[in-house]
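Heads up: the structure comes next, in structure tokens.
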Amino acid sequence: MIERLRTEIRAIERVPVTFGHPPVPGTAPRPPACSSTGGEQAEAPPLHTLTEAGLHELKPASHGDTPAALGFALGMLSLTLRGSAAETAPLLWCLTESAIQEWGAPYAPGLLGFGLDPERLLIVKTQRPKEAAWVLEEGLKSGALAALLGQTEIKQPVMARRLGLAAKSGGLPCLLLSDHGQGGLPGTLTRWRIETAASREAKLDAKAPGLCTFHLTLERAPSLPPGRSWTMEWDDEAYGFRLAPPLADREAEAGAAQRSSAGAS
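Going by this note's numbering, the sequence shown opens with residue 47, and the numbers climb by one from there.
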């Protein structure tokens with residue numbers, strides 16, 4: 047089934063897609079060290095809904111928040127793959143030429159930071175969104191995948207509904223990274239709006255980048271009220287999401303670290 051899918055995909059591909067660098071030997075992702083929320087917290091977001099069979103729309107709050115939305119999607123796919131009964135089934139990531147020109151191509155060392163094994167990824171590039179939608183639909187029908195990610199714009203409501211039905215019929219989650227200016231798509235099981243959030247300072251170097259931090263707003267989910275928001279961190283050592291501490295706590299933590307550093311000097 048996988049070979050048939052690859053053959054059909056190659057028929058619409060014009061330029062092959064490869065990773066920027068091959069996987070680094072000996073750097074296979076470690077097993078999960080925590081749950082998707084980093085613990086049993088009453089206020090944690092219902093991230094489990096994103097692993098359920100259906101079409102899940104991830105919408106950046108603005109054009110500049112697209113990398114944050116993609117990072118969140120990759121983290122969720124990592125959790126989905128580790129929780130999948132199909133331990134060796136691949137993940138299909140389909141993106142358009144315009145998405146690559148705007149945001150870059152998949153990069154293996156960066157994917158390892160999300161706990162994703164590049165060898166389990168089937169990456170497809172298409173010239174047009176219509177072709178990307180076809181690839182996603184065929185992938186959902188194949189019965190050979192663990193999950194799917196679409197990095198493309200779906201303008202036709204009927205196509206969104208078809209993807210939603212195919213995802214439910216195939217029993218797979220399909221994450222769709224949509225355009226920030228586009229209205230909500232029909233046929234989605236959940237819809238989340240994602241924006242970049244300020245991160246805490248790195249523990250060992252205040253000038254180094256902190257953990258990837260996202261502000262999530264739930265806009266649509268079965269039996270759940272819309273409009274709730276959370277700020278989450280991605281732990282790149284435990285490979286999981288956790289609630290970020292309030293900003294006031296982060297500022298106090300940074301101040302304590304600076305005082306400790308000053309005292310040591």
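We put the CB at the ideal spot given by N, CA and C, even for glycine. Computed from a prediction, not measured in an experiment: that's the story for all the values here.
Around the beta-carbon of Ala-115, 16 or more other beta-carbon atoms lie within 10 Å, marking it buried. As for any alpha helix (DSSP H) of minimum length 4 sitting wholly inside the segment 139 to 211, the runs are 143 to 149, 154 to 158, 175 to 188, ordered along the chain. When Cβ pairs closer than 8 Å are counted between the two stretches, the segment 171 to 182 is seen to touch the segment 194 to 212, the count reaching three or more. Between the segment 217 to 228 and the segment 192 to 199 there are three or more inter-stretch CB-CB distances shorter than 8 Å, so the stretches are counted as touching. Nearest in C-alpha terms to Leu-127, of all of Ser-144, Leu-96, Gly-156, Cys-140, is Leu-96.
A check of alpha carbon separations from Leu-264 across Pro-292, Asp-251, Thr-234, Leu-257 identifies Thr-234 as the nearest.
Contact check between the segment 138 to 148 and the segment 261 to 279: fewer than three CB pairs, one atom from each, fall below 8 Å, which does not count as touching. A residue is called buried once 16 or more other Cβ atoms fall within 10 Å of its Cβ, and His-102 is buried on that count.
In the displayed model, Gly-216 falls within a helix according to three-state DSSP.
Rounded to the nearest angstrom, the Cβ distance from Asp-111 to Glu-241 is 5 Å, consistent with a contact under 8 Å. Looking at the DSSP output, Arg-266 bridges to Arg-237.
The C-alpha of Leu-162 is placed about 24 Å away from the C-alpha of Arg-246. The three-state reading of DSSP puts Gly-110 in helix, counting H, G and I together.
Assigned with DSSP and collapsed to three states, Leu-127 falls in helix. Just so you know, the alpha carbons of Pro-106 and Cys-258 end up roughly 15 Å apart.
Within the model, the alpha-carbon separation for Gly-117 versus Ala-145 is close to 14 Å.
Tyr-285 sits buried, since 16 or more C-beta atoms from the chains shown fall within 10 Å of its C-beta.
Looking at the DSSP output, Met-278 shares a beta bridge with Phe-260, Leu-289. If the five residues before and after Leu-231 are omitted, its C-beta is found closer than 8 Å to the C-beta atoms of Leu-101, Glu-103, Ile-200, Pro-203, Ala-206, Leu-222, Ser-224, Arg-237, all from its own chain and listed in chain order.
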